[in-house]
Amino acid sequence: MTSIELNPSVLEKSYRQEDWQRGYRSLAQEFDYWIDDIDGEIPAELQGTLFRNGPGLLEVNGERIHHPFDGDGMICAIAFQNGRAHFRNRFVKTAGYLAEQEAGKILYRGVFGTNKSGGWLANLLDVRLKNIANTNILYWGGKLRALWEAAEPHALDPRTLDTLGLDNLEGVLKPGDAFAAHPRIDPDCAHDGDACLVNFSIKPGLSSTITLYEFGTNGKLLRKYAHATPGFAFIHDFAITPHYCILFQNPVTFNPLNFLAGVRSAAECIQFHPNKPTKIVVIPRKNSGSQETAQQIALPTSRTFETLSGFVFHHANAFEQGDEVVIDSVCYEDLPAVEPGGDFRQTNFDAIAPGQLWRFQVNLQTGTVDRQLLEGRCCEFPVVHPAKVGRSYRYAYLAAGYAPTGNAPLQTVVKVDTQSSNRALWSAAPWGYVGEPIFVPRNQSNQPTNAEDDGWVLVMTFDASRDRSDLVILDAHNLSEVARLHLKHHVPYGLHGSFTSECFM
Ligand code: CO
Numbered sequence: 003m004t005s006i007e008l009n010p011s012v013l014e015k016s017y018r019q020e021d022w023q024r025g026y027r028s029l030a031q032e033f034d035y036w037i038d039d040i041d042g043e044i045p046a047e048l049q050g051t052l053f054r055n056g057p058g059l060l061e062v063n064g065e066r067i068h069h070p071f072d073g074d075g076m077i078c079a080i081a082f083q084n085g086r087a088h089f090r091n092r093f094v095k096t097a098g099y100l101a102e103q104e105a106g107k108i109l110y111r112g113v114f115g116t117n118k119s120g121g122w123l124a125n126l127l128d129v130r131l132k133n134i135a136n137t138n139i140l141y142w143g144g145k146l147r148a149l150w151e152a153a154e155p156h157a158l159d160p161r162t163l164d165t166l167g168l169d170n171l172e173g174v175l176k177p178g179d180a181f182a183a184h185p186r187i188d189p190d191c192a193h194d195g196d197a198c199l200v201n202f203s204i205k206p207g208l209s210s211t212i213t214l215y216e217f218g219t220n221g222k223l224l225r226k227y228a229h230a231t232p233g234f235a236f237i238h239d240f241a242i243t244p245h246y247c248i249l250f251q252n253p254v255t256f257n258p259l260n261f262l263a264g265v266r267s268a269a270e271c272i273q274f275h276p277n278k279p280t281k282i283v284v285i286p287r288k289n290s291g292s293q294e295t296a297q298q299i300a301l302p303t304s305r306t307f308e309t310l311s312g313f314v315f316h317h318a319n320a321f322e323q324g325d326e327v328v329i330d331s332v333c334y335e336d337l338p339a340v341e342p343g344g345d346f347r348q349t350n351f352d353a354i355a356p357g358q359l360w361r362f363q364v365n366l367q368t369g370t371v372d373r374q375l376l377e378g379r380c381c382e383f384p385v386v387h388p389a390k391v392g393r394s395y396r397y398a399y400l401a402a403g404y405a406p407t408g409n410a411p412l413q414t415v416v417k418v419d420t421q422s423s424n425r426a427l428w429s430a431a432p433w434g435y436v437g438e439p440i441f442v443p444r445n446q447s448n449q450p451t452n453a454e455d456d457g458w459v460l461v462m463t464f465d466a467s468r469d470r471s472d473l474v475i476l477d478a479h480n481l482s483e484v485a486r487l488h489l490k491h492h493v494p495y496g497l498h499g500s501f502t503s504e505c506f507m
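Heads up, the sequence shown is in this note's numbering, so the first residue is 3 and it goes up one at a time.
Set out below in structure tokens:
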């Protein structure tokens, strides 16, 4: 693995605020084309479709939304076949998107501060949420679904990206039910070689209910189980091992009065308490695998452990090791409040605590939690080899800042060797800004003989020097650049995505 060599002239100022801001412009147009402006060569073995989701509109007819998390979901699909690649993007045609485009103005309050026009009176007691379907996109059980954690998924045609409508997962969800945007795919669910999809939903309240769902490869529900945890729960992501689901209940409280009064968004009513402990909720999975080896760790019911973690959005992975459950997570010392009058474009990166990768070792026998810093470089959007989800693993890939310390926009991809201090880094600085990296194994069948870092990392970048976005293919071993696919336009900074070996074009 290569060591990290930084360019001193870039390090001085790896980004310009105005360049970074330009990645937050709407892309109203929907495209369909073969990508023909390519540096390098697309590996012929790279076959399948990369789906990405994120806010496509940052305003409605000139009315700015308050936070990108409130932006309407737009799907990008980049399909790879025989060394060629095809691009397509489509908005998720949610009921809210269609109504607002028709009306030419904002009609719904956003969770992150977007208010409909008319001041507090128009927003008073309006608790309708617009399902914006903007957080993740996953092809599973023959269906493509756009996910947003506070409501049901939207089903899409994987070939055309046409919106098919709200999807209740074959009757599993009731109208308005939440379904998280962070499913985990267990590569070997019942020790029979079959994968399953595990996801959760939160029903917050004075006591919050966490419901877990597991689905087979055919999309059918295998099992569903619930756990109540005291207090308000704001949980975006979770982690799994063969026997457990692990959720971090961040130390936040929610005061809904100002939300109901119309003067604050839901997110603005969440208060983070950085000096209070995070609860680590460990819920035994009810898959057959856990029954076979139930004697391995005697944990008949869910348990809660405490640690100081700061705020956690995303987990890289988790695994079992003797009496311990190990969880690797991106942690923030503080959660910047969403300010009513604030403008996210003016984010002062230097004034915000960086996200850093930490390891938590929960001892199920003694109840102790040890933690250690794995990577101090500011980072987000961790991903691991799909065959290593829930298993002991070595490499995590993350979007990261350029400088080794401090907080900054995401401009690099870092490969973290969790077993040593070795790091590899690919940089788009000073002009480029990156999103979530996606790891694609070279061998899609996940043969155990393959090296864990044998594959590619796909990352969408915004290139401010050309005012367009690129899809960059990196060699996952050393993060050398294999190919750069220049799109004909920019794509606003996205959230999450996934890769399927099925090629939809
Ligand atoms: Co997320």
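Think of the CB as a built atom: it goes at the ideal place given N, C-alpha and C, for glycine as much as any other residue.
Nearest residue (CA-CA) to residue i, options the options
i       : options                               : result
Trp-428 : Ser-422, Gly-437, Gln-421 and Thr-420 : Gly-437
Asn-136 : Glu-102, Glu-104 and Ala-183          : Ala-183
Trp-458 : Asp-465, Phe-82 and Arg-470           : Phe-82
Cys-191 : Ile-475, Arg-444, Pro-388 and Thr-165 : Pro-388
Gly-173 : Asn-133, Lys-226, Ile-6 and Gln-251   : Lys-226
Asp-469 : Pro-10, Leu-8, Arg-86 and Asp-21      : Asp-21
Cys-247 : Leu-224, Asp-352 and Ile-282          : Ile-282
Cys-78  : Pro-406, Gly-221 and Val-461          : Val-461
Pro-189 : Gly-218, Leu-168, Thr-165 and Arg-86  : Gly-218
Lys-288 : Pro-279, Val-385, Asn-260 and Pro-244 : Pro-244
Ala-537 : Val-94, Leu-131, Leu-158 and Asp-477  : Examination of residue 537 is not possible in this model, given that the chain is present from 3 through 507 alone.
Asp-2   : Glu-382, Asp-345, Arg-361 and Thr-502 : Shown here, the chain extends from 3 to 507; a query on residue 2 therefore has no answer.
Asn-345 : His-68, Leu-149 and Asp-179           : The amino acid occupying residue 345 in the given sequence is Asp; Asn does not appear at that position. Looking at the Cα atoms, His-68 is the closest of the given residues.
Ser-28  : Phe-506, Thr-502, Phe-501 and Val-493 : Val-493
Gly-58  : Gly-221, Lys-95, Gly-42 and Asn-84    : Lys-95
Leu-8   : Pro-356, Thr-407 and Thr-165          : Thr-407
Asp-352 : Cys-380, Val-332 and Leu-359          : Cys-380
Thr-2   : Phe-250, Pro-258, Gly-178 and Gly-357 : Lying outside 3 to 507, the shown extent of the chain, residue 2 is not represented and no answer is given.
Val-43  : Phe-506, Ser-482 and Phe-501          : According to the sequence provided, residue 43 is Glu. The question's Val does not apply to it. Of Phe-506, Ser-482 and Phe-501, the residue nearest in Cα terms is Ser-482.
Cβ-based neighbour list, residue i, same chain, cut-off 8 Å, excluding 5 preceding and 5 following
i       : result
Arg-186 : Leu-199, Val-200, Asn-201, Phe-240, Ala-241, Ile-242, Val-391 and Gly-392
Glu-504 : Gly-50, Thr-51, Tyr-141 and Pro-160
Pro-206 : Phe-234, Ala-235, Phe-236 and Phe-256
Glu-47  : Arg-444
Pro-276 : Pro-253, Gly-312, Phe-313, Glu-335, Asp-336 and Leu-337
Tyr-399 : Pro-384, Val-385, Val-386, Val-415, Val-416, Lys-417, Val-418, Pro-439, Phe-441, Val-459 and Ala-478
Spatial neighbours of residue i in its chain, beta-carbon cut-off 7 Å, leaving aside the 5 residues before and after
i       : result
Met-3   : Here Met-3 scores only 47 on pLDDT, less than 50, and its place in the model is too uncertain to base an answer on.
Asn-365 : Asp-325 and Glu-326
Gln-413 : Ser-16, Tyr-17, Gly-403, Tyr-404, Ser-429, Ala-430, Ala-431, Gly-434, Tyr-435 and Val-436
Gln-367 : Asp-325
Tyr-99  : Asp-74 and Phe-93
Leu-163 : Ile-77, Ala-79, Arg-90 and Arg-92
Residue i: CB within 7 Å of a non-hydrogen atom of the ligand CO
i       : result
His-498 : yes
His-238 : yes
Phe-441 : no
Phe-315 : yes
Thr-306 : no
Thr-137 : yes
Residues near residue i in its chain [Cβ-Cβ closer than 6 Å; skip 5 each side]
i       : result
Gly-496 : Arg-54, Gly-56 and Gly-437
His-488 : Asp-39 and Asp-472
Val-254 : Phe-236, Ile-272 and Phe-274
Thr-349 : none
His-229 : Ile-212, Ile-285 and Ser-304
Asp-465 : Trp-433, Gly-434 and Asp-472
Ile-6   : Arg-425 and Leu-427
Ser-394 : Phe-321
Gln-363 : Glu-326, Val-328 and Asp-372
Glu-216 : Cys-198, Val-200, Leu-224 and Arg-225
Ala-355 : Tyr-334, Glu-335 and Asp-336
Lys-490 : none
His-238 : Phe-315
Glu-377 : Leu-359 and Val-418
Leu-513 : Coverage of the chain is limited to positions 3 through 507, which leaves residue 513 absent and any answer about it impossible.
Residue i beta carbon near the ligand ATP (any heavy atom closer than 7 Å)
i       : result
His-184 : The ligand ATP is not part of the structure shown, which contains the ligand CO as its ligands.
Within-8 Å CB hit, residue i to chain C
i       : result
His-479 : No chain C appears in this structure, which consists of one protein chain only.
Would the region 362-375 and the region 301-315 be scored as touching if the rule is three or more Cβ pairs under 8 Å? Cβ pair count under 8 Å is three or more, so yes.
Taking 8 Å as the cut-off, does the region 84-102 touch the region 26-44 (at least 3 CB pairs, one atom from each stretch)? With three or more CB-CB distances shorter than 8 Å, the region 26-44 counts as touching the region 84-102.
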